[in-house]
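Numbering (our numbering), first residue to last: 1 to 275.
All C-beta atoms, glycine included, are put in the ideal place defined by N, C-alpha and C.
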């Protein structure tokens, strides 16, 4: 269910024609889930849709960049932009703009190697860079570190239990009987790309069955339990990031309902959109 406050007047609701096909898939899922997705106005809702789209695009870009999968012990980076600690943390050099350092990961991927959680954070950062003004990005994420699930608080990453999986979410496939000699395969962080496709750094882009099959190859001898998709979602705080959006992504005006796939009921000043 989607809840939008004070966004429209009279019978002007939501025009799905402003959404891409991929965003309509996200919308269809949202209106079917019991979870309530709340927005202050349409522009905030559209910002989330666009940011989710950018997360999917950033996943594909990282997959094609040439960045290698490795454990923390063997992490590497471009020394022109980053310093590498003994723990495998990739720390931005003083005076280097975070936007330039991050884009070097994508433009010179063969110079980088890190594990899957770091990849998820790099994907989130890239998507946010595409969505907010660059000066804000550089100010918010000054002192950037790429290391496991370490990220700046301003990125607004949060994780909660739930099965309301949406494209642009980070989902976790757990491998309960992983080989203890290969602990890096205890599970796989992935980005939901939509249409049952997932990007996992080190595994690639596969459907859920493909991710599970890949993880099952790294189970201990005598394992009886298969890898599985965990009931949890990790996503960004879209509402926090919204005020920093790029001016060329501004949405204005009211949007009438475009088709019959969604109905709307008004309760006070709140619209509840449902399938």
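- Closest in alpha carbon position to residue 64, among 32, 219, 213, 106, is 106.
- Judged by DSSP in its simplified three-state form, residue 203 adopts coil rather than helix or strand.
- Taking C-alpha positions only, residue 34 is separated from residue 73 by approximately 42 angstroms.
- The C-alpha of residue 36 lies about 14 angstroms from the C-alpha of residue 239.
- Looking only at 247, 218, 1, 16, the smallest Cα-Cα distance to residue 134 is reached by 247.
- Following the DSSP letters along the chain, one finds residue 62 in no beta strand (DSSP E) but inside the alpha helix (DSSP H) bounded by residues 42-65.
- The beta carbon of residue 230 sits closer than 6 angstroms to those of 172, 174, all from its chain and outside the five residues before and after it, given in chain order.
- Annotated three-state conformation of residue 95 is coil, per DSSP.
- Residue 103 and residue 222 have their C-alpha atoms roughly 44 angstroms apart.
- DSSP places residue 110 within a helical segment (H, G or I) once states are collapsed to three.
- Segment contact: the stretch 76-89 against the stretch 44-51, fewer than three CB-CB distances shorter than 8 angstroms; contact not assigned.
- Distance from the CA of residue 130 to the CA of residue 224, rounded to the nearest whole angstrom, comes to 44 angstroms.
- Close CB contacts of residue 137 within its chain, under the 6 angstroms cut and outside five residues either way in sequence, are with 99, 129 (chain order).
- Nearest Cα to residue 232 within the set 166, 111, 3, 4: 166.
- Closest in C-alpha terms to residue 20, from the list 126, 111, 194, 215, comes 194.
- Annotated three-state conformation of residue 18 is helix, per DSSP.
- Around the Cβ of residue 161, a 10 Å sphere holds fewer than 16 other Cβ atoms; the residue is exposed.
- Taking every protein chain shown into account, the CB of residue 159 has fewer than 16 other CB atoms within 10 angstroms, so this residue is exposed.
- By the C-beta criterion, the stretch 188-204 is judged to be in contact with the stretch 118-129, since at least 3 inter-stretch pairs fall below 8 angstroms.
- The C-beta distance from residue 216 to residue 226 rounds to 6 angstroms, short enough to fall under 8 angstroms.
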